[in-house]
Each structure stands twice: as C-alpha cells, then as structure tokens.
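A quick write-up on the structure given underneath.
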Amino acid sequence: MAESSAFIPWAGPMTPAAVKQSLTSRNGGHSAAQSARKGPNGISRPLDIPHFYGNIQFGSIRTPERPFDYSPPKKRPCATSQANENAAPSTSTSSPSPRDPDEPPEMRRKATSALSQSDTESTKRKSPRTDAQKIETILEAIQAQGWTLGCFMYNLFCTKDTKGDTIYRSPSHSQMVSIFLAGRGRKTVANIITQWMAHPDGRISADSPNADLMYSTTVPYTEIKPVRAALTAFSTQTIGKKVGDEAESAVQLSSGLHVSIGSKHPETKLRREDFGEKTIPRVQLVIEREQPVTLYLFNKIAMRKPRKREGVVIRRKMRPAETANRANLLPLMRGILYFGSSAPVELMNYNSRIGNMPAPATIRRELISLSQEEARTTLVHGQDPETAGFLFVDNTQNYHRQRDLRIGRETVMNVGMSGPYMEAPDVDVNAIVHPLACSGKKQTITTELKDGMLDFFQQIGQTPDAYLKRKLPVGGDGLTYAMLQQLQTYLQFHNDTFKSFEVMEPQLQVWHTKWKDVIRIFQTHWGRTTGKNTNPASLGFSAAKIGRSAPANMKKVEFYTGTQLLYLVLDAKLLDIWRLAFKTDDIFVYFEELERTGKLPDKETLLPMARKLYRAYGTARGRDHAMHDTGMASEWAQTAPAGTPWVPQEIEDSSLDLKKRKGTKKALGSAAQKTRKAKQKPVPKPCLGDFVLAQGIDFIRDGINSRKLMIFVARGDIGRLYECLKYMLFTFGGSTHTNYLNYVLEGLKIALLRGLIWNLSGLPGHCEEGDYIVEFFNRLLEDVVEQKSAQFDDIFIRNIISRNLRHIAQLKVAWRTGVGMKKKAHKPRDADTTKALQEHRDSQPPSNSPVDDQDTDDFARGVKKLREGALQTAVTKSTSNRQVFRTDAVAPPAELQAEVIVGDSDVPRDAGEDTSEDTSEDTSEDPSDSESDDGPSSSDSESDPQSSDSDSDEFPLPSTSSFYATRGPTFLVDGELIFDERDMLVGPEDEEYSESGNEDEELDED
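Below, the structure written as structure tokens:
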C-alpha cells in the first residue's frame, strides 16, 4: 500500500487554507473548525477535523449532552504501532481490501515488505514538544491577532463590552474559562497568582515611583499597573472593606453586642445579668461569628506562630508571652500613665491580663531604671563647672489618717520637703527640669531644714568635700525664703564657704508673691464683710451682684477662683469706663450697631482715648483728682464726669415715734434711750472729693498691675515683670503683708531675675513661675503619698516617684494630645460680665457721698512706711545678716546704702490735711520734667492752683496734692535707679519715658 498523505509528517508551517485543502483531500467529512494540528515547532494550528473521540457537542457546562463531571477519555496506547500525534486520525469505517489470491507471491512479498517498512517508519514515536515551544506557538498566534498578552487575558475573561452588552462566547471558550475559574483544572488561579508574586519581572525597584504603592490603601488598585503592587493593594483594600462590613454587622441590634439604656429598643434593654462572668465569653462568640476576618487579623498581630513538639501543637493556657516580650512601647506608656494616675491595682492587673500593658512589677522596674538615669543626669549637670542651675525647695504635707488606731499607728500630719533642679544653659528660659528625690525633713525646723538642703545639694553633686565655688540660687515661697535667710544667718560664722551656706543664694519666687498680692487686693478692696455692702467701688459689692460669695478665709483666698473673680470685676469696671466715654447705655449694643453700619473706630482713634482714660482712671494722679473737689472745671473732670450731688437725709421725728410704739414698755424705754444716743451723732457732711471713684481707681490700679504680671510671666518678659514687682514693693508695705516688703527689697540681678520664669514646653506664651512648677509637682507627689499611706522619705517615694514626676506629668499631657484630646478654650462669661456692667450702671452713688471712707491706697501707705524707716531697717538687716559682715564689721559700706527720693510731700490722707510742711521741701527737677505731659512742677502748681488749661499737663493737679505733682518716689540702690513711680502709674506708653519712642506700640502691647 502506498503511503497515505494522512501520515506524512508536517514539514513546516501551513496556512489555514492549505490545511483545510489537505484535510479535505484526505477526508471530505472532516471540519477544519473542530480540530487542530501542531507543527514541528510546537505551534498550534486550527484544524477542521472532528474530535478524536467522535462528534461531541460542547455547549454550556449544564447541558445534558455533556455531564458536569465530564472529562475526555484517555487515549489507549497502540499495541503494534503508535500514530503520529500530528496526524489526523482516520475516521473511515471501511475495512482494508482483501488480498487478491491471484497476485504473484513476489508481488505480495514486495507489498508486504513495503507495508512493513511504512508501518515501521510510522510507528516510530516523535519527541514531544516542550512547554516553551507550546508557549511560543500560542504567543505567535496572539501576535498574529494584533494583541498583547494583557489584551488576550482581558478579552479571554471579559463578559461584557463597553456598552454593557453580553459578549458572545463560543462553547469551547465558555468551557475552558469555566473549568479554570471553577478550579477544576490542574492549574488554578492560586497557582497563577503565586507565580505572579514570585516572578522576577514583577519586582519593583526602590527608586521607582511605584515603590510606595505596595499594599496601598489610598490609591485604588485599579489604577496601579505593576503586578505586585496591584495584587497587594487589591488584597489590602478588599480586606479593609470586609473588615468595615463586619464592624457594621457587629453593631447591629441583632448581633447581641448592643444594649439600650432608654426605652427605644426594649428588646436590647440593659439588664443586670448582662454583666458578669459570662459577658466576655458571650462577646467572644459574637465576634467569632460576626467578625471572623477581623478576629483573624487581631490573632495574627497578637499571636506567634504555633510551636510544635514532636508533632503536637503546644497550647498556651497561661498569659501569652507576646504581651510582655514583643513590642511593648505603647503598652509600657499606658502602664506608666495608669501608675502615675494612681489607678487601682485591680485595673492594672486586668489590663495586663488582656495584653494592654505590662505587669505592675514590670512597670515598677522600668520606673526604677528611669529614676536612676535621672539621678545620674542631675549629678553630672550639677558637677559640671560650665553649666548653671537653679534649685527650688518647698514644703510638702498631707494628713495621714489612720483607721485602725493603736500605738504606733497615730493620725499625724505627714510633712516633708521636695523640689526640682532646673538646668539654666546660658540662663535661657527653655529649661530642663530634674525632679529630685524628696526628703522627710520639716522645713520650719532649722536643723531639719539644713539636713534637707544638704540632701538636695548632694543629689546635684555639691558636697563639703567637692563643690563648685559659685552661687547656687535656691528659690521658694515666702516662708522658704525667710527660713533660708535665717539659716544663713545662723551659719554665717563658719569659715568654710559651703558649711556657712554662702554658696546658696535665696530667691523669692513669683507665683507665691503674685498669690499674696491677690490676697492683699481682696483684703483691701472687698469692703464690709459684715452687714450689707453698699459701696459700688468695692469688690464685694460686685461679687454679690453676680452671685459670688465672700471667701471663707480672707487671709488665704483660693488662687484660681480669686483671680477669676478679680479679673471679671476689673473687666466690668473697664468696660463701664468705655461706656461712659462713648456716652452710651450698653457698650455691646453700641459696638454691634457700629459694626453693622461699618463705622467701627480704628486703632489710631482708640489709642488716644485709651491713654486719656488710663491717666484719668488708672493712675495715682487720677485718684488725687477724685479725692479733691470734683466740681472744679478741669480737663480731668470732663474725662471722669462727676455724679449727682449727695444730699444727706435727716431722720424725721415721726419715724422715731413709730419705733417707740413697738414692743413692751421696757423695750420702749430702751429704744428711746438708743434713739437719744443716735440723735447726738451729727449728720455726716458731704465731702469735697469722690470717695467711691477714688476707691474704684485704687482697685483698677491694683487689678491692672496683677493682670500685667500674669501676662508678663506667660510671655517670659523679665523686665516688665520686675517693674510689676517694684510696684508691689510699695503696696505690700502699705498692707498687712509687711514680710513681703522685706522680701521684695532684696537686691536681685539680671541672672537671678531670669531664674524667676521657666518655660518647660518651649512654646511662646507658656512660661511659668518656678515655684508654681514646684507646687504642681508637689500635688502629684502628695497624691501618691496619701494613697500609699507612705512617708516622704520612704524608698519607694524617693527613688521611684519623686524623680519621675516630670515624666509622669508630661505623659499625662502627651497621652491626651496623642489621641487628639485638647483643652477647650473657655468662652468668656458673658452673663456675668453683662450683669456686672448693669449693676455698675444702675448703682452709681452721688459723687460726694461718704459711702465708705476706708483708705484703699496701699501704695501711698507703703511709701510713707518706707520713708519712716522700713527701708533703712531692711537694708541694715540684709547687710548685717547676709554674710556681708563678719565679727569685725561695724557699719554697712556706703555703696550699699539706699535712700528714697520723693517729691515735695507725702501723700495727703484726705483733702483737708495740712501739707504745708511737706511742700516746703526742696526738690531739684530736671527742667525737661516741667514741660512734660505728666504735669508741671510744684511751683507752677502752687502759683496757679486752679489752672486747667495748661498745655504742659493734661490733668493739672490742685495745690494740695504736691506729692504726685512732681517726679514721684524714686528708689535708688547702689546709685542705680531701679524704680520710678511714674513708670508704673503713668505707664510705659508715655512718649517721654518710652525707650522705643513708639507710644502706640507700647500701649497696645501692654
């Protein structure tokens, strides 16, 4: 038999037409669309032949013609020969023609021989094509269609076109895609994704712009082109959406995690049995059911890979180790926060069990480590001769109440000492504070104070054997300051500088001084504490109108509530002054109308008005005008208009008779006797001045100085702060707080002044007084000592709590800030301010009414007391007791003498006081002073007592007030001008005394 063309090997690539023609010539019943032929290079060609196993109709996967689990039967191996895999199978059903018996044997042998040779050649197995050859064949076919690999894969799995219509897919196309996506083939989608993630061609270089797209949560994965970045972003965003959906499902009412407090959902109303031992297991079951993906992610975060021993997975029954030995920075921070907040140990144990924080013992060891590091840092800084520091000391105390009283367990007052050491690099206000270990010594006992100070000195590296021979400023409140000075007085005769405490420089701190000034203002300006207060200028009158009660103890007014009330009343008085200046009944409505009409005054208009009002209502000169005849025509009277004249009311006899008719006979007799005594008292005569206005001016002066001190402390303005302290020197001298007069008189230099204010945050406007910082630390320390029922010198308090106070305090603020909790700004008390303004408007007394003749000018009394010898006493005491003199000292040196230079006379106590003696004093004034805006000289004032049109003085004074007519009191120490009364009372905004010369800027800044 001749060789059939059906078994001729394919020698090369053929076109589909040639293949079809060849197959048609071999067998006309085959279809080219039903088969395929592979060339020698492994390139697949479509062949129009039927399937090897018959005409099988491949429709959808659910058609009856092809079962769901259908797979083509395996090809049976040929026993005698093996057909060529590229040859089309013969579908002819006719049998071979029978051998002709008449054919010669030679011919038969020849044919048989030829057939055997052909069978031998055809039965030889051809080597199979490799995977690379098959891929090459497929890629050539894709390229022949003008597609890329991406286009081919997209169109292979695409089911709708751009218009949204369903794309027709052939049965073979549907079948192959369905088998692949359903995972019924040998290679699944997971195998493909694994190859994509591991393929080297998908690697993204570090400098590629797509390097940040791995696991992206912001860029949609559909916009990411690299395969690795797209797959990771797809998984991340898909899981994120799933977790969100699970959370929404878990908070539904049907989940069981939601309870209702009100009556809106009675089916989920809170019951007592909802809380108990089964609460956590029940919540765990709900989470496992509603949030499986979320729970899986949390477990992957919190759990390590399970360990196996001999093929058995180890199960942990105790607290998981990962809560302690994995990333513990945030849990440890939370633990220190709980520890510093004195959280109950049960709460800390619970959080430790669930992995929110380490165990309490671990927190304690970490605090010990921090304390030791803080001690080493403080010691190194204190011993460094190139650095400087300030030491602050204050007393600490708490009432230790014992519940089980017996011998050794008495209720006592627990006292001690504490204080921080603050670094002062180049005396900068950006400070680093190092809390020291507290001491159990009592500050009020001199011997224990010495032991406590030696303990603090040792902690900063200053010992009798090794110390730096330089001044170490030690600050504190008034009591601490006085005790330190007393300690130096007792030890001044030691020859050693350290043993005599000459290295220590006591320093009075600002916050306690400021607090004491607030107490002084309350005591001076509160008014009557018994009976009805009818003086509108008093602080108590305004406080009663807005519903504020008097302080329980006038000798120790609470600082925060006291300053809030003080500044509220001060604001009301200042706004009332502006109301009078604009001649309106309601200042708020007036300015709202100006804003609505677009006529708001600008800064250039308001500044001259503010300066004029300040000189009339905020200076001692304005007070002197108010204390004299307010009916005189003057420029001041036009700025501060007088009230209605006061007319004394006489008591009629009928009113007295009415009182006599009441009560028994005995009562009537006693009443008549009292009435006769009352008649003997003369009716008060109207005074020339306005006492209420003068007292109001005194309150405004003191209130403005207190508020300016607050502002300058926050700004860190040492110079202006010192000006406020110099003003307080005189007000303390005129009040009952004479000790602070001696404290403020101590000479302080610039370096010591810079130690008054510290900025722990480094932010502008956040400066604080050193003793205020000490009080803050003491409050934290006292809370721990009270809770632990410990002593201030216990090891736990000294070595764990004291030195970590700063870290604990910062941690409390940092934790709130880190989670977005910020302190809300308090809105002004509009209701209180409006009420106070209304009372000021409706309660204006007559100008010359003797409502309350109490003298509220502490400044003038302080000046008088200094002139009468208080200043010289303070100078003598400081020079003789502050280690200036030894046993051979006789008198203070001349350069330490101090004197007070005042004007013509002392301040008159009332309008009728004779001041002829004081006006005879000779004063030398700079000629330029007589032409200044502050007023003429004393001679001008005496020669023209009624002068009101003088160009050199805006508010000329009457002749009886000679003290403030001139320069005013000036305080000199060591020949240096350190105080000028007009600097504070006239104000630094005056152009004559303004260093910058810009009066508008000075007034606006203050």
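Residue numbers for the sequence shown follow the UniProt record's numbering, beginning at 1 and rising by one. Ideal Cβ positions, reconstructed from N, Cα and C, are used throughout, including at glycine.
In chain order, what residues of the same chain have a beta carbon less than 6 Å from the beta carbon of R861, not counting five sequence neighbours either side? G734
To the nearest angstrom, how far is it from the Cα of L156 to the Cα of S205? 31 Å
G862 - containing alpha helix (DSSP H), residue span: D858 to K865
Just curious, the beta strand (DSSP E) that S418 is in, first and last residue? V412 to S418
Between E373, D131, Y567 and Q397, which has its C-alpha nearest Q791's C-alpha? Q397
Contact defined as beta carbons within less than 8 Å: I believe V433 pairs with M422. What is the distance between those atoms, to the nearest angstrom? 5 Å
Considering only the beta carbon of each residue, do S208 and T236 sit closer than 9 Å? no
Would A694 and T856 qualify as a contact pair, given that the criterion is a beta-carbon distance under 9 Å? yes
If I measure Cβ to Cβ from R623 and keep anything under 8 Å in the same chain, skipping five residues before and after, which residues do I get? A694, I697, D698, R701 and D857
May I ask which residues mark the beginning and end of the beta strand (DSSP E) holding F392? G389 to F392
Would Q485 be called buried (16 or more neighbouring beta carbons within 10 Å of its own) or exposed? buried
Jot down the residue ranges of each uninterrupted beta strand (DSSP E) in the region 482 to 551, minimum 3 residues, whole runs only, in chain order. 504 to 508
Taking the alpha carbon of G770 as the reference point, which residue from L539, P435 and H625 has its own alpha carbon closest? P435
Does the structure place the region 359 to 370 close enough to the region 335 to 348 that three or more beta carbon pairs sit under 8 Å? yes
Take L709 as the anchor and find which of R203, K514 and A610 has the nearest alpha-carbon. K514
Determine the extent of the beta strand (DSSP E) in which G183 is found, giving its start and end residues. Premise fails: G183 is in no beta strand (DSSP E) and is neither H nor E.
Three-way DSSP call (helix, strand, coil) for W147 in this model: coil
Can you name, in chain order, every residue of its own chain whose Cβ lies under 6 Å from the Cβ of I801, other than the five neighbours on each side? V784
Close beta carbons around I167, own chain, < 8 Å, minus the five adjacent residues each side: C158, T159, K160 and D161
Just verifying my parser: in three-state terms, what is the DSSP assignment at N553? coil
Assuming the contact rule is C-beta atoms closer than 8 Å, A472 and L391 should be a hit. Round their C-beta distance to whole Å, please. As written in the sequence, residue 472 is Leu, which differs from the Ala given in the question. The pair is a contact, with the Cβ atoms about 6 Å apart (cut-off 8 Å).
So what does DSSP say about E374, is it helix, strand or coil? helix
Count the other CB atoms within 10 Å of the CB of A626; is the residue buried (16 or more) or exposed (fewer)? buried
Alpha-carbon to alpha-carbon, I261 and A437: 49 Å
Spatial neighbours of H400 within its chain, please: CB distance less than 6 Å, with the 5 preceding and 5 following residues excluded, ordered by chain position. V412 and N414
Which whole-angstrom value is the C-beta distance of F501 and L508, which I expect to be below 8 Å? Rounded, the Cβ-Cβ distance is 17 Å, inconsistent with contact.
Can you list, in chain order, the residues of its chain whose CB lies under 8 Å from that of K225, leaving out five sequence neighbours each side? N210
Between the Cα of D496 and those of T463, D517 and P506, spot the shortest distance and give me the residue it belongs to. T463
Considering only DSSP beta bridges, list what T166 is partnered with. K160
Relative to the alpha-carbon of Q459, which residue among A543, T480, W196 and Q372 has its alpha-carbon at the smallest distance? Q372
Of the listed residues L580, I280, R779 and V243, nearest to I354 (C-alpha basis): I280
If you run the structure through DSSP and keep just helix, strand and coil, what is Q397? strand
Report the partner residues of S439 according to the DSSP bridge assignment. M417
Per-residue burial, E386 [other beta carbons within 10 Å of its own, 16 or more giving buried]: exposed
Quick one: what does DSSP say A111 is sitting in, helix, strand or coil? Because A111 carries a pLDDT of 45, less than 50, the predicted location of this residue cannot be relied on, and the following value inherits that uncertainty. Three-state result, A111: helix.
Pairing CB atoms from the region 712 to 730 with CB atoms from the region 562 to 577, are three or more of them under 8 Å? no
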